[in-house]
Amino acid sequence: MRRAFIRTLVDLAEDDERILLLTGDLGYTVVEPFAERFPARFFNVGVAEQNMLGLATGLAESGFIPFVYSMTTFIVLRAYEFIRNGPVAHGLPVRIVGVGGGFEYASAGFTHFGVDDVGVMRVQPGLTIVAPADHEQAASALRATWRQEGPIYYRLGKDDVSTVPGLNGRFDPQRPQTLADGHELLILAMGAIARQAEEAVKQLAAAGHSVGLIVVDTVSPPPLERLRHALASVPVAMTVEAHYLVGGLGSLVSEVVAERGLTCRVVRCGVATMPVGRTGSEAYMAAQHGLSTEGLVASALRALNGPAEAGHYDS
Amino acid sequence: MNKNVVARGRSSVTDRDPATSLPALAKQIRLAILHGSKRANVGHIGSALSVTDILAALYGQVLRVPAPDDPQRDRFILSKGHAALALYAALRARDWIDDETLAGYCRDHTFAGVHPDHHLPGIDFSTGSLGQGLSFGAGAALAAKLSGADRRVYVLLSDAECNEGSVWESVMFAAQHRLSNLVAIVDVNGQQALDHTHRVLDLSPLESRWSAFGWQTHVVDGHDLEQLTATLTCDAASAAPHVVVARTVFGKGVSFMEGQIKWHYMSMNDDEYQLALEQVDR
Numbered sequence: 000m001r002r003a004f005i006r007t008l009v010d011l012a013e014d015d016e017r018i019l020l021l022t023g024d025l026g027y028t029v030v031e032p033f034a035e036r037f038p039a040r041f042f043n044v045g046v047a048e049q050n051m052l053g054l055a056t057g058l059a060e061s062g063f064i065p066f067v068y069s070m071t072t073f074i075v076l077r078a079y080e081f082i083r084n085g086p087v088a089h090g091l092p093v094r095i096v097g098v099g100g101g102f103e104y105a106s107a108g109f110t111h112f113g114v115d116d117v118g119v120m121r122v123q124p125g126l127t128i129v130a131p132a133d134h135e136q137a138a139s140a141l142r143a144t145w146r147q148e149g150p151i152y153y154r155l156g157k158d159d160v161s162t163v164p165g166l167n168g169r170f171d172p173q174r175p176q177t178l179a180d181g182h183e184l185l186i187l188a189m190g191a192i193a194r195q196a197e198e199a200v201k202q203l204a205a206a207g208h209s210v211g212l213i214v215v216d217t218v219s220p221p222p223l224e225r226l227r228h229a230l231a232s233v234p235v236a237m238t239v240e241a242h243y244l245v246g247g248l249g250s251l252v253s254e255v256v257a258e259r260g261l262t263c264r265v266v267r268c269g270v271a272t273m274p275v276g277r278t279g280s281e282a283y284m285a286a287q288h289g290l291s292t293e294g295l296v297a298s299a300l301r302a303l304n305g306p307a308e309a310g311h312y313d314s
Numbered sequence: 000m001n002k003n004v005v006a007r008g009r010s011s012v013t014d015r016d017p018a019t020s021l022p023a024l025a026k027q028i029r030l031a032i033l034h035g036s037k038r039a040n041v042g043h044i045g046s047a048l049s050v051t052d053i054l055a056a057l058y059g060q061v062l063r064v065p066a067p068d069d070p071q072r073d074r075f076i077l078s079k080g081h082a083a084l085a086l087y088a089a090l091r092a093r094d095w096i097d098d099e100t101l102a103g104y105c106r107d108h109t110f111a112g113v114h115p116d117h118h119l120p121g122i123d124f125s126t127g128s129l130g131q132g133l134s135f136g137a138g139a140a141l142a143a144k145l146s147g148a149d150r151r152v153y154v155l156l157s158d159a160e161c162n163e164g165s166v167w168e169s170v171m172f173a174a175q176h177r178l179s180n181l182v183a184i185v186d187v188n189g190q191q192a193l194d195h196t197h198r199v200l201d202l203s204p205l206e207s208r209w210s211a212f213g214w215q216t217h218v219v220d221g222h223d224l225e226q227l228t229a230t231l232t233c234d235a236a237s238a239a240p241h242v243v244v245a246r247t248v249f250g251k252g253v254s255f256m257e258g259q260i261k262w263h264y265m266s267m268n269d270d271e272y273q274l275a276l277e278q279v280d281r
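Heads up: the protein sequence lines correspond to chains G and F, in order.
Position 171 of the first sequence, counted from 1, bears residue number 170 in numbering that gives the first Met the number 0, the numbering being contiguous throughout.
Position 226 of the second sequence, counted from 1, bears residue number 225 in numbering that gives the first Met the number 0, the numbering being contiguous throughout.
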């Protein structure tokens, strides 16, 4: 996603001189196309995320559209108060680009896991959050949103090869993408983990289940009416995200269900425990937290067949 | 509030009214600090009084701001946002806010809180969390350079604010990119919320630290208006950003506040208020 995003950004920057790219010394083999095409509009600000967000605030106040690039954890968590008091408080068009949602930097360990970014960003009013599911959608999401007012957080992945079957790069900020219809269970997925969710839906369908799938790509502001409509027509909804259970998509869907008085049960699949200690590949880490295709199928079958299981807060 | 409605000052205070000399402007700001603080029963008096002469120099002469919404204006950022009452008084003197706004300091439904908010005309950036303003200013200065504009950017920091690591991130960036249109002013009043700065994290000699990072340093008496105006109009064509280390007295102008830690947070009783007014207004 990150390379598709930067390639698209280069195209946009050809036609709009307000676009700048700042990086916190990350993006080797990713940011070069922009840096080489627009050397005067590219800044490696060093390993200094707080200053990078402050710079972007000052640049945006003077009319520029700065994109700031780093890993998800560093750019969101280290710079968080600068995001809050800078682009959010001033309503400025700073584009915060975080790479590595979930366990994409799995072997790098806990400091590099993007499992809490959406939760902390979602509480900020006026901050748009876009979490593309694959590289095609990352490109179309950027084209559809870069010009809008106010700050945006793009939660990107590293994978520039795989796609989510059936998505075909579609993106509409007003409407989440429906990839399958079903009346027994609705799966809602956020980010690159949507690929495993799509595979799980296929396997469940092959086993005779009617399972729907929606990719929630614009997390904030949430497409409330679309979600309400979809959630009103199923008995069980299952959220899938490479993120802590608290604060992300599972929380969002639970809020919609509770506030709209819907009757469907919500099952949340995500990172339920702090992922410290043993580490491994992305697939290993995802499996450890029930986010492999097999894990998702198992969770879906339990949700389809059984009564409500113990919830997150019971443990 | 519509930022444009009350934006009508088109020249500096002293140009517009020759009777308003810089010392008179400084006195006007000090009196407004005392009035506002007493009326609202809110502290931060000592910090506001220590930057009063710096703000008088900036708003009376140095800043080139035809109107607060002019895109080509010089930018000013009060990074030590807790001195906002002094800034409101300066904005009032420029006619960018009205008496009602100034009198509404810390009242319900006001834009004039303890820390400045950009919804108020003349406030370029909201501040209040120390260590952020210089990064905003570096961005604004970079923007001016990229646009080929001659805008200057002034950022007023406190000495204790330099405890924040993020300040030094911005210091390094501004030097690396030769942001000579950026002027940091450090209000060295030697005090912070709980103690004297040298007893908390001793940063002296502060000017050596900034110059070691590649900044052009200027040391001034932060209450000498002539020295301030001469120094603050820095050479924007130089090769380095500028820092003006302004030696100030915390609580300047009110004898019983000068150098006293308690006037970081305390507000005045009636007797203290009268005495302070007499000392400032003589």
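All C-beta atoms, glycine included, are put in the ideal place defined by N, C-alpha and C.
Computed from a predicted model, the values in this text were never measured in an experiment.
Taking Cβ positions only, does Glu148(G) come closer than 8 Å to chain F? no
Segments of 4+ residues assigned as alpha helix (DSSP H) that fall wholly inside the stretch 135 to 204 of chain F: 164 to 175, 196 to 199
With a CB to CB cut of under 7 Å and the five nearest residues on each side skipped, what residues in its chain are close to Arg151(F)? Asp73, Asn180, Val182, Ala235
Scan the stretch 231 to 255 of chain F and note each continuous beta strand (DSSP E) run of 3 residues or more that stays entirely inside, going in chain order. 241 to 246
Ends of the alpha helix (DSSP H) at Asp158(G)? Careful: Asp158(G) lies outside any alpha helix (DSSP H) and carries neither H nor E.
Restricting to Cα atoms, I'd like to know which of His117(F), Phe249(F), Ala238(F) is closest to Gln175(F). Ala238(F)
Give me the Cα-Cα distance between Val5(F) and Asn162(F), rounded to the nearest whole angstrom. Here Val5(F) scores only 35 on pLDDT, less than 50, and its place in the model should not be relied on; the value that follows carries that caveat. If I take the Cα positions, the gap works out to 37 Å.
DSSP state of Arg94(G), grouped into three classes? strand
Minimum Cβ-Cβ distance from Val210(G) to chain F less than 8 Å: no
Length-filtered (3 minimum) beta strand (DSSP E) runs lying within the stretch 160 to 228 of chain G: 176 to 179, 184 to 189, 210 to 214, 217 to 219
If you draw a straight line from the alpha carbon of His111(G) to that of Phe102(G), how long is it in whole angstroms? 8 Å
Range of the contiguous beta strand (DSSP E) that encloses Arg74(F): 74 to 77
Chain-order list of residues whose beta-carbon lies under 6 Å from that of Phe51(G) (same chain, five-residue window excluded): The displayed chain sequence assigns Met, not Phe, to residue 51(G). Taken in chain order, the residues that qualify are Leu21, Gly23, Val44, Val67.
Just curious, the beta strand (DSSP E) that Met120(G) is in, first and last residue? Element bounds for Met120(G): not the beta strand (DSSP E) but the alpha helix (DSSP H), 116 to 121.
Below-8 Å beta-carbon distance, Ala137(F) vs any chain G residue: yes
Hey, how far is the Cα of Leu290(G) from the Cα of Thr162(G)? 17 Å
Distance, Cα to Cα, Ala275(F) vs Ala34(G)? 58 Å
Going by beta-carbon coordinates alone, are Gly190(G) and Ala130(G) separated by less than 8 Å? yes
Use the C-beta contact count for Met273(G): other C-beta atoms within 10 angstroms, 16 or more gives buried, fewer gives exposed. exposed
Starting from Gly53(G), trace the beta strand (DSSP E) both ways and give me its first and last residue. Premise fails: Gly53(G) lies in the alpha helix (DSSP H), 48 to 60, not in any beta strand (DSSP E).
List the residues of chain F whose Cβ lies closer than 9 Å to the Cβ of Ser61(G), in chain order. Pro70, Arg74, Gly138, Ala139, Leu141, Ala142, Ala143, Leu145, Ser146, Ala148, Arg150
Tell me Asp220(F)'s beta-bridge partners as DSSP assigns them. Arg246(F)
Quick check: the Cα distance between Asp158(G) and His134(G), rounded to an integer number of angstroms? 7 Å
Are the beta-carbon atoms of Pro92(G) and Gly149(G) separated by less than 8 Å? yes
Once you ignore the five residues that flank Gly230(G) on each side, which residues in its own chain have a CB closer than 8 Å to its CB? According to the sequence as given, residue 230(G) is Leu; it is not Gly. Here the set comprises Leu185, Ala236, Val252, Val255, Val256, Arg259, Leu261, Cys263.
First through last residue of the beta strand (DSSP E) which encompasses His242(G): 235 to 243
Hey, quick one: how far does the beta strand (DSSP E) through Leu20(G) stretch, first residue to last? 18 to 22
Whole-number beta carbon distance between Val154(F) and Ser78(F), since they are thought to touch under 8 Å: 5 Å
Give the straight-line distance between the Cα atoms of Arg36(G) and Val9(G), rounded to the nearest whole angstrom. 8 Å
Please confirm if Leu58(G) has its CB atom under 8 Å from at least one CB of chain F. yes
Buried/exposed call for Asp180(G), threshold 16 Cβ in 10 Å: exposed
Check the Cβ of Glu80(G) against every Cβ in chain F and list those closer than 8 Å, keeping chain order. Ser128, Gln131
I want to see whether chain G comes within less than 8 Å of Ser134(F), judged by CB atoms only; does it? yes
When you compare only the Cα positions, how much space is there between Phe4(G) and Leu224(F)? 52 Å
So, does the CB of Glu160(F) fall closer than 8 Å to a CB anywhere in chain G? no
Reduced DSSP secondary structure (H/G/I, E/B, other) of Asn268(F): coil
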